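What follows is a set of notes on a single structure, which appears directly below.
There are 2 protein chains.
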Amino acid sequence: MTDAIENRQFRLVRRPKGMPQRHDFELATETLGEARDGEVRVAIEYISLDPAMRGWMNAGKSYIKPVGLGEVMRAGAAGKVIDSKHPDFAAGDPVSGNFGVQTHAVVPGDELRKVDTALADLPVYLGALGMPGMTAYFGTLEVGALAEGDVVLVSAASGAVGALVGQIAKKKGASRVVGLAGGPEKCAYVVDQLGFDAVIDYKAEEINDAVRRECPDGIDVYFDNVGGEILDAALANLRLHARVVICGAISQYNVTGNVGDTAYAPQNYLSLLINRARMEGFIVFDFADRYPQAAREMADWLAAGDLKHREDIVEGFDTFPETLLKLFTGGNFGKLVLAVED
Amino acid sequence: MTDAIENRQFRLVRRPKGMPQRHDFELATETLGEARDGEVRVAIEYISLDPAMRGWMNAGKSYIKPVGLGEVMRAGAAGKVIDSKHPDFAAGDPVSGNFGVQTHAVVPGDELRKVDTALADLPVYLGALGMPGMTAYFGTLEVGALAEGDVVLVSAASGAVGALVGQIAKKKGASRVVGLAGGPEKCAYVVDQLGFDAVIDYKAEEINDAVRRECPDGIDVYFDNVGGEILDAALANLRLHARVVICGAISQYNVTGNVGDTAYAPQNYLSLLINRARMEGFIVFDFADRYPQAAREMADWLAAGDLKHREDIVEGFDTFPETLLKLFTGGNFGKLVLAVED
Chain A
324 MTDAIENRQF
334 RLVRRPKGMP
344 QRHDFELATE
354 TLGEARDGEV
364 RVAIEYISLD
374 PAMRGWMNAG
384 KSYIKPVGLG
394 EVMRAGAAGK
404 VIDSKHPDFA
414 AGDPVSGNFG
424 VQTHAVVPGD
434 ELRKVDTALA
444 DLPVYLGALG
454 MPGMTAYFGT
464 LEVGALAEGD
474 VVLVSAASGA
484 VGALVGQIAK
494 KKGASRVVGL
504 AGGPEKCAYV
514 VDQLGFDAVI
524 DYKAEEINDA
534 VRRECPDGID
544 VYFDNVGGEI
554 LDAALANLRL
564 HARVVICGAI
574 SQYNVTGNVG
584 DTAYAPQNYL
594 SLLINRARME
604 GFIVFDFADR
614 YPQAAREMAD
624 WLAAGDLKHR
634 EDIVEGFDTF
644 PETLLKLFTG
654 GNFGKLVLAV
664 ED
Chain B
324 MTDAIENRQF
334 RLVRRPKGMP
344 QRHDFELATE
354 TLGEARDGEV
364 RVAIEYISLD
374 PAMRGWMNAG
384 KSYIKPVGLG
394 EVMRAGAAGK
404 VIDSKHPDFA
414 AGDPVSGNFG
424 VQTHAVVPGD
434 ELRKVDTALA
444 DLPVYLGALG
454 MPGMTAYFGT
464 LEVGALAEGD
474 VVLVSAASGA
484 VGALVGQIAK
494 KKGASRVVGL
504 AGGPEKCAYV
514 VDQLGFDAVI
524 DYKAEEINDA
534 VRRECPDGID
544 VYFDNVGGEI
554 LDAALANLRL
564 HARVVICGAI
574 SQYNVTGNVG
584 DTAYAPQNYL
594 SLLINRARME
604 GFIVFDFADR
614 YPQAAREMAD
624 WLAAGDLKHR
634 EDIVEGFDTF
644 PETLLKLFTG
654 GNFGKLVLAV
664 ED
């Protein structure tokens, strides 16, 4: 058992303007002390990189406190217990939690979640069996109020959340699920592997025409991860009483220093009036008390080989600032995860 | 009993571009035949002029069929029965219905509603006890899901719907109701007569600053009749889980030929994500099966002298095209009604 551990961490030292840059972070090394009573020391193996992190870097009111300047960058992560002073955990246990962008962490045991690596590898607990999974599940079924026979459109359909939204919608009775993705490789994956009924290559097609073609009778649920022109095309094609689920707006996050500002405002919002439709934002944390039930259902699907997932694992802790950018350029293919070891 | 009646009517003959003009209508005279079995002949006394009429003049998909070229312009109205071949109605009965912009009508009896002129004058059945009343009632309580203690912001607060929204919200437990109106006279009315807690003169104040000042803890329900910059200011000041009720967008209707298009898109829509809020459009017709219950409650308040209403009655059937424009210039003060007789 090591008493003192060298812990490396990325601290936020500047609030990014537009895309985050390496100089917005400081790569620091500290000595990690022992766990105190009720705490656990964790060796982090995988760090979850998510669009929401961009918002956490901004000052100002949001759904969660901004990361303070000088603080370790917030992130979900997974790893193994080094040593434990909490009765529920022992050395070697695989765990996940909000450990931050660092190689090691000391965490109160009640903020940790033990995971089952017989069911799925650690990175999956940052994707399909983690926050993206919960986001897709509650966003589709609760906020989107998916009903039997619905037509569902999903942006970022090959991404961590979108891929699950489409699959969950199909399982729960959607009559047609259409995805949007960028480029032939991702588009093929969405239809061939994930089982969507159709896909639109937003990089190659005129979006309005394509949405109208693929959803000729309109859309009941649009699950939006991107904002911008795609949101507008969806609005223009809503059915009566449609639900637009605002999960994110990745096309807009880096335009200004403020997540609440957008460069592209939805021109077609009055479609909500004409179609008596609603547009609703949500944060997965609001459903925290129901995670266990959803996680069980997702795990059952996964165990049955019936839930496809894909992780885009980039090796090397030190690459964090550049690897994060893949999210905003569409460079990742699947759930983006940073592996601590090279 | 008159067998043949000279009926004058405004027919839509052109689809307006921007503001409707007199040349978009034809003032025609026809001879009205007798009522057939089940029908009733009505002498129209008051015609309801409503923002929604602008939308009905456009071609294209909307929540209701457009008025066809050459057809009588659609409108709610009230008047008295001339003669009846329907068992429920007799000559002299005061009635309301969708009679159109004309001086007389022959209408199936089951499309008529008998009204009680002992409780309120005929024009009130086009306002507080008519569609605007139902719109305010269901928009506030159902779509807005008003809860005890809510902070409510209402645009067009001296208008037909807005004036009722604020009063209903206060009756149902809102902790604070703030209105927006144009000019000192309307603003004084909103606070002194209608009992709103505060009012913002959108013509005199910087809207963002004023909304922040009057709703310092944010907004739970924003009832939007206008769209544009006021909607954006409301979005910027939402509370967690706020509801934005899209009833109309009068600032936007005349910009293009299409109600679905807007000149001013809501830049701050991502406030819906940050605040897990929803924005929802509705059409009062969706609540038609519950009108009787709501109408009874509204009538009780009115009978108790507890529901303020104001009609802006313009005399002269022939002035229809110009009188209608008062809605879009903010020229009316209260529910705009056209009196058929001079």
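Residue numbers (my numbering), protein chains in the order written: chain A, 324 to 665; chain B, 324 to 665. Positions of the beta carbon are idealized from the N, C-alpha and C atoms, including for glycine. As the structure is a computational prediction, the values presented were derived from the model and not from experiment.
Between B:GLY393, B:SER385, B:ILE597, B:ARG359, which lies nearest to ARG562 of chain A when the distance is taken from Cα to Cα?
-> Residue 562 of chain A sits at position 239 when you count from the first residue of the first sequence. Closest by alpha carbon: B:SER385.
Whole-angstrom C-beta distance between ASN548 of chain B and ALA479 of chain B, which should lie under 8 Å = Here residue 479 of chain B corresponds to residue number 156 of the second sequence, with the count starting at 1. Here residue 548 of chain B corresponds to residue number 225 of the second sequence, with the count starting at 1. Between ASN548 of chain B and ALA479 of chain B the Cβ distance is about 4 Å, and since that is below 8 Å, they are a contact.
Does SER385 of chain B get closer than 8 Å to chain A when you measure Cβ to Cβ?
-> Here residue 385 of chain B is taken as the residue at index 62 of the second sequence, counted from 1. For SER385 of chain B, the nearest beta carbon of chain A is closer than 8 Å to its own beta carbon.
Proximal chain A residues relative to ILE569 of chain B, where beta-carbon distance stays under 7 Å | Position 246 of the second sequence, counted from the start, is the residue given in the question as residue 569 of chain B. By Cβ distance, chain A contributes LEU595, LEU596.
Using a beta-carbon distance cut-off of less than 7 Å, what residues from the segment 599-615 of chain A approach chain B?
-> Correct list: ARG599, ALA600, ARG601, MET602, GLU603, GLY604, PHE605, ILE606, ASP609.
Going along the chain, which unbroken runs of the alpha helix (DSSP H) with 4 or more residues stay wholly within the segment 331-416 of chain A?
-> 375-379
Can you tell me the Cα-Cα spacing of PRO417 of chain B and ASP629 of chain B, whole angstroms?
-> Numbered from its first residue, the second sequence carries residue 417 of chain B at position 94. Numbered from its first residue, the second sequence carries residue 629 of chain B at position 306. Answer to the nearest angstrom: the Cα atoms are 24 Å apart.
Can you find a CB in chain A that lies within less than 8 Å of the CB of PHE651 of chain B?
-> The residue labelled residue 651 of chain B in the question sits at position 328 within the second sequence. Closer than 8 Å: no.
Is it right to say LYS340 of chain B is buried, meaning 16 or more other beta carbons lie within 10 angstroms of its own, or is it exposed?
-> Taking the second sequence and counting its residues from 1, the one referred to as residue 340 of chain B is at position 17. Classification for LYS340 of chain B: exposed.
From GLU368 of chain A to VAL404 of chain A, what distance separates their C-alpha atoms?
-> Against the first sequence, residue 368 of chain A aligns to sequence position 45. Against the first sequence, residue 404 of chain A aligns to sequence position 81. For GLU368 of chain A and VAL404 of chain A, the distance between alpha carbons rounds to 11 Å.
Would a check of beta-carbon distances place VAL514 of chain A closer than 8 Å to chain B?
-> For this step, residue 514 of chain A is matched to residue 191 along the first sequence. With 8 Å as the cut-off, VAL514 of chain A does not count as an interface residue toward chain B.
GLN344 of chain A at chain B interface by Cβ criterion, 8 Å = Stepping through the first sequence from its first residue, residue 344 of chain A is reached at position 21. No, GLN344 of chain A does not count as interfacial toward chain B.
Residue(s) in a DSSP beta bridge with PRO644 of chain B = Residue mapping note: residue 644 of chain B aligns to position 321 of the second sequence, counting from 1. According to DSSP, PRO644 of chain B bridges with nothing at all.
Apart from the five residues on each side of it in sequence, which residues of its chain come closer than 8 Å, Cβ to Cβ, to THR642 of chain A?
-> Walking along the first sequence from the start, residue 642 of chain A turns up at place 319. Closer than 8 Å at the Cβ level, and outside the excluded window around THR642 of chain A, lie LEU661.
In this structure, what does DSSP give as the bridge partners for GLN490 of chain A?
-> Taking the first sequence and counting its residues from 1, the one referred to as residue 490 of chain A is at position 167. None, per the DSSP bridge assignment.
May I have the straight-line CA-CA distance separating ARG619 of chain B from GLY453 of chain B, to the nearest angstrom?
-> Along the second sequence, read from residue 1 onward, the residue named residue 619 of chain B stands at position 296. Along the second sequence, read from residue 1 onward, the residue named residue 453 of chain B stands at position 130. Cα-Cα distance, rounded: 11 Å.
Going by DSSP, which residues form a beta bridge with ARG619 of chain A?
-> For the purposes of this step, residue 619 of chain A is taken as the residue at position 296 of the first sequence. Partner(s): none; ARG619 of chain A has no beta bridge.
Is it true that the CB of ALA492 of chain B sits closer than 8 Å to the CB of VAL500 of chain B?
-> One-based indexing of the second sequence puts residue 500 of chain B at position 177. One-based indexing of the second sequence puts residue 492 of chain B at position 169. Yes, these two residues count as a Cβ contact at 8 Å.
Apart from the five residues just before and just after ILE553 of chain A, which ones in its own chain have a Cβ nearer than 7 Å to its Cβ?
-> Here residue 553 of chain A refers to the residue found at position 230 when the first sequence is read from its first residue. If we look at ILE553 of chain A and ignore the five residues flanking it on each side, its Cβ neighbours are SER478, LEU503, TYR525, ILE530.
Chain A beta carbons: is any one of them nearer than 8 Å to that of PRO589 of chain B?
-> Translated into positions along the second sequence, residue 589 of chain B becomes position 266. Yes - at least one Cβ of chain A is within 8 Å of the one on PRO589 of chain B.
Where ASP665 of chain A sits in the DSSP three-state scheme | The count along the first sequence starts at 1 and reaches residue 665 of chain A at position 342. ASP665 of chain A falls in the coil class under three-state DSSP.
Using the Cα positions of THR352 of chain B and GLN332 of chain B, report the straight-line distance between them to the nearest angstrom.
-> The sequence position of residue 352 of chain B within the second sequence is 29, counting from 1. The sequence position of residue 332 of chain B within the second sequence is 9, counting from 1. Those two C-alpha atoms are separated by around 6 Å.
List the DSSP bridge partners of TYR545 of chain A.
-> Residue numbering aside, residue 545 of chain A sits at position 222 when the first sequence is read from its first letter. Paired residues: A:LEU476, A:VAL567.
Where ALA600 of chain B sits in the DSSP three-state scheme | Taking the second sequence and counting its residues from 1, one reaches residue 600 of chain B at position 277. Here ALA600 of chain B sits in coil by DSSP.
Closest Cβ-Cβ distance between ALA572 of chain B and chain A: below 8 Å?
-> Here residue 572 of chain B refers to the residue found at position 249 of the second sequence. Yes, its Cβ sits closer than 8 Å to a Cβ of chain A.
Starting from the beta carbon of TYR369 of chain B, find every residue of chain A whose beta carbon is closer than 8 Å, and list them in chain order.
-> For the purposes of this step, residue 369 of chain B is taken as the residue at position 46 of the second sequence. Simply none; closest approach about 27 Å.
Alpha carbon to alpha carbon, what distance is there between ALA382 of chain A and THR440 of chain B?
-> In the second sequence, counting from the first residue as 1, residue 440 of chain B sits at position 117. In the first sequence, counting from the first residue as 1, residue 382 of chain A sits at position 59. Roughly 59 Å between the two C-alpha positions.
To the nearest angstrom, how far is it from the Cα of GLN344 of chain B to the Cα of ILE606 of chain A?
-> As a first step, residue 344 of chain B is located in the second sequence; it is residue number 21 there, counting from the start. As a first step, residue 606 of chain A is located in the first sequence; it is residue number 283 there, counting from the start. So the two alpha carbons sit approximately 48 Å from each other.
Of the residues A:ARG338, A:ASN330, A:THR426, the one placed nearest THR354 of chain A, counting alpha carbons only | The count along the first sequence starts at 1 and reaches residue 354 of chain A at position 31. In terms of Cα proximity to THR354 of chain A, the closest of A:ARG338, A:ASN330, A:THR426 is A:ASN330.
Taking Cβ-Cβ distances shorter than 9 Å, what residues in chain C pair up with TYR545 of chain A?
-> Looking at the structure shown, chain C is missing, and the protein chains on hand are A and B.
TYR460 of chain A at chain B interface by Cβ criterion, 8 Å | As a working mapping, residue 460 of chain A is identified with position 137 in the first sequence. It does not: the Cβ of TYR460 of chain A has no partner Cβ on chain B nearer than 8 Å.
In three-state DSSP terms, what is LYS495 of chain B?
-> As a first step, residue 495 of chain B is located in the second sequence; it is residue number 172 there, counting from the start. In the structure shown, LYS495 of chain B sits in coil (DSSP, three-state: anything other than H, G, I, E or B).
Identify the continuous beta strand (DSSP E) that holds ALA627 of chain A and give its terminal residues.
-> Numbered from 1 along the first sequence, position 304 holds the residue referred to as residue 627 of chain A. Taken as a continuous stretch (DSSP letters only), ALA627 of chain A belongs to no beta strand (DSSP E), as it is neither H nor E.
Status (buried if at least 16 other CB within 10 Å, exposed otherwise) for LYS388 of chain B = As a working note, residue 388 of chain B is residue 65 in the second sequence. Answer is exposed; the Cβ neighbour count stays below 16.
Going along the chain, which residues of the segment 474-501 of chain B sit with their C-beta nearer than 9 Å to a C-beta in chain A?
-> For the segment 474-501 of chain B, no residue has a beta-carbon sitting nearer than 9 Å to a beta-carbon of chain A.
Starting from TYR525 of chain B, find everything on chain A with Cβ-Cβ shorter than 9 Å and list it in chain order.
-> Numbered from its first residue, the second sequence carries residue 525 of chain B at position 202. Neighbours of TYR525 of chain B on chain A: none; closest Cβ ~20 Å, over 9 Å.
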